[in-house]
């Protein structure tokens, strides 16, 4: 078996107030996979995501376990390369887009990697084209619609050519058309994806495999259709399908 | 949201003034303002020269007079002060329209009004012809400390997000029958502002996380620096030169 793109082993983390957010989480994601990370509110999903690029973790006492990205352990000296390899798209695009124009924002990541001039411009153009936002390069982010801002947020991360794209609630607050357009964009990308979501039909549409995080541990790991069809498992972890949605009916 | 709307003060265009590099425009505006402030206040005609110079710039930039006039409202607090000044200042008094006013106060009010209006007009012209983003790169090129420019950049980016938050909060308050006219309601407003501060602070933390996630290591990359052209320098020097002529003549003929 090849080295997994993402290899999380025995991760635990306690917040300063004593909340045990992660309690021995194990997760492997292989190249080309699209995996949905499901779980109720407060299960530790965001905490796990912030460990993947070393924002959290690394300090003894509050945490433990290891995270490796394509064989490289997450640690202080590997942080710049880890943050290139793991591209996180946060839930609120207003948090992610902070530069005066879309172009500057998409250029921010690759410029931090040391790219300049024509090479940087090419990288920005490529990332914006991948999400269908090339025509908006000179616009300020706050003049775009919410769906457009989310797509630009994806581009800001794609511009760093990550090995794994981590999406935190990618479909939240999107209207159905923007939600579908984003799905088409994600399906068209040649990149490994880990997607945190409460939107179970979206998980079924985009991810062949799903894992459930509950009380800081991975409690289920199976093909998405099987996970969603297992009503006992779903009920045990406060996961519910939208009214009238039957995972067996969508093929 | 997402509708086509431009930044409050900026007026998009393609004129010579619009295309001038931002850092030259900033220096030019600053020099103009300093010269206006240094102009002796006894004579009125040098101020006419200054105003003519500004109108020339506005004409070249195709900024309509009405556009500038409506935005002069920002000056109102100073105007109020200038109007009050002749009545409260000391010194020999003269009679104007049957009212007894202080002569030095009257001169000071005139100077305040004239210099203030010219300064605000110059700043408005700069804002109308320069994108906020270009202003920031201009300030960076003028070697303003990077941290200051970055703080201004975040302000430009997030002012609409924060005012949006505030608007939604006040709509939510009004929807539950809140009316802020009585001083007894002020504690609610204070709580509201406190909540807005906490929200903005938390957003700041999330923005910082998102920046770290994309490899931020303490400084924003400088992305463009067009070479300086002599022609641009000459154009940028035009406004302060006209003001210098007006100011110089006023000093010499005093």
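Residue numbers (our numbering), protein chains in the order written: chain A, 1 to 251; chain B, 1001 to 1254. All C-beta atoms in this analysis are idealised placements derived from N, C-alpha and C, irrespective of residue type, glycine included. Computed from a prediction, not measured in an experiment: that's the story for all the values here.
I need the DSSP call for residue 65 of chain A, collapsed to helix, strand or coil.
strand
Does any residue of chain B have a CB that is nearer than 7 Å to the CB of residue 142 of chain A?
yes
Please classify residue 1090 of chain B as buried or exposed, where buried requires at least 16 neighbouring CB atoms within 10 angstroms.
exposed
May I ask you to list, following chain order, the residues of the segment 1195-1227 of chain B that have a beta carbon less than 8 Å from some beta carbon of chain A?
1203, 1206, 1207, 1209, 1210, 1211, 1212, 1213, 1214, 1215, 1216, 1217, 1220, 1221, 1223
Give a yes or no on whether 7 Å exceeds the smallest Cβ distance from residue 265 of chain A to chain B.
Because chain A here runs from 1 to 251, residue 265 of chain A falls outside it and cannot be looked at.
Using a Cβ-Cβ cut-off of less than 8 Å, give me the residues of the segment 1152-1175 of chain B that come near chain A, in sequence order.
1153, 1154, 1156, 1157, 1158, 1160, 1161
Limits of the unbroken alpha helix (DSSP H) element including residue 13 of chain A:
Run containing residue 13 of chain A: none in the alpha helix (DSSP H); it sits in the beta strand (DSSP E), 6-14.
Just curious, the alpha helix (DSSP H) that residue 1010 of chain B is in, first and last residue?
It is not in any alpha helix (DSSP H) - residue 1010 of chain B carries neither H nor E in the DSSP assignment.
How far does the alpha helix (DSSP H) with residue 19 of chain A in it extend, from its first residue to its last?
Premise fails: residue 19 of chain A is in no alpha helix (DSSP H) and is neither H nor E.
Comparing alpha-carbon positions, which option in B:1024, B:1043, B:1022 lies nearest residue 1246 of chain B?
B:1043
One question on the structure: do residue 238 of chain A and residue 23 of chain A come within less than 7 Å of each other, judged by their Cβ atoms?
no
Residue 1102 of chain B classed as buried or exposed, judged by whether at least 16 other C-beta atoms fall within 10 angstroms
buried
For residue 195 of chain A, name the three-state secondary structure that DSSP assigns.
strand
Compare the C-alpha of residue 2 of chain A against each of A:198, A:33, A:26 and name the closest.
A:33
Which value, in whole angstroms, describes the spacing of the CA atoms of residue 1106 of chain B and residue 1088 of chain B?
10 Å
Quick one: is residue 1197 of chain B buried, meaning 16 or more other Cβ sit within 10 Å of its Cβ, or exposed?
exposed
For residue 1055 of chain B, which three-state DSSP category applies?
helix
Own chain residues within Cβ distance below 7 Å of residue 1166 of chain B, not counting five before or after:
1196
Closer than 7 Å to chain B by CB, residue 77 of chain A:
no
Would residue 1062 of chain B count as contacting chain A if we go by Cβ distances under 7 Å?
no
Quick check on the DSSP output: what are the complete alpha helix (DSSP H) runs of length 4 or more inside the segment 114-196 of chain A, in order along the chain?
117-130, 146-158, 176-188
Reduced DSSP category for residue 95 of chain A - H, G, I as helix; E, B as strand; rest coil
helix
State the DSSP-derived secondary structure class of residue 86 of chain A, mapped to helix, strand or coil.
strand
Whose C-beta lies closer than 7 Å to the C-beta of residue 1150 of chain B among residues of the same chain, with five residues either side of it excluded?
1220
Measuring only the C-alpha atoms, how far is residue 1236 of chain B from residue 1050 of chain B?
15 Å
Please tell me whether residue 247 of chain A and residue 225 of chain A are closer than 7 Å, where the distance is taken between their beta carbons.
yes
State the DSSP-derived secondary structure class of residue 51 of chain A, mapped to helix, strand or coil.
helix
Name, in chain order, the residues that DSSP records as bridge partners for residue 1094 of chain B.
B:1101
In chain order, what residues of the segment 153-171 of chain A put their CB closer than 8 Å to some CB of chain B?
156, 157, 160
Answer yes or no: do residue 159 of chain A and residue 106 of chain A have a C-beta to C-beta separation smaller than 7 Å?
yes
What whole-angstrom Cβ distance do residue 54 of chain A and residue 11 of chain A have, given they're in contact under 8 Å?
Contact doesn't hold; Cβ gap of about 12 Å is too wide.
Counting only C-beta atoms, is residue 18 of chain A closer than 7 Å to chain B at any point?
no
Cβ-Cβ distance between residue 112 of chain A and residue 1013 of chain B below 7 Å:
no
Closest residue to residue 1015 of chain B among B:1190, B:1185, B:1128, B:1182 (Cα-Cα distance)
B:1128
So, residue 1053 of chain B versus residue 1242 of chain B, is the Cβ gap smaller than 7 Å?
yes
Taking the beta strand (DSSP E) that residue 210 of chain A falls in, what are its first and last residues?
209-214
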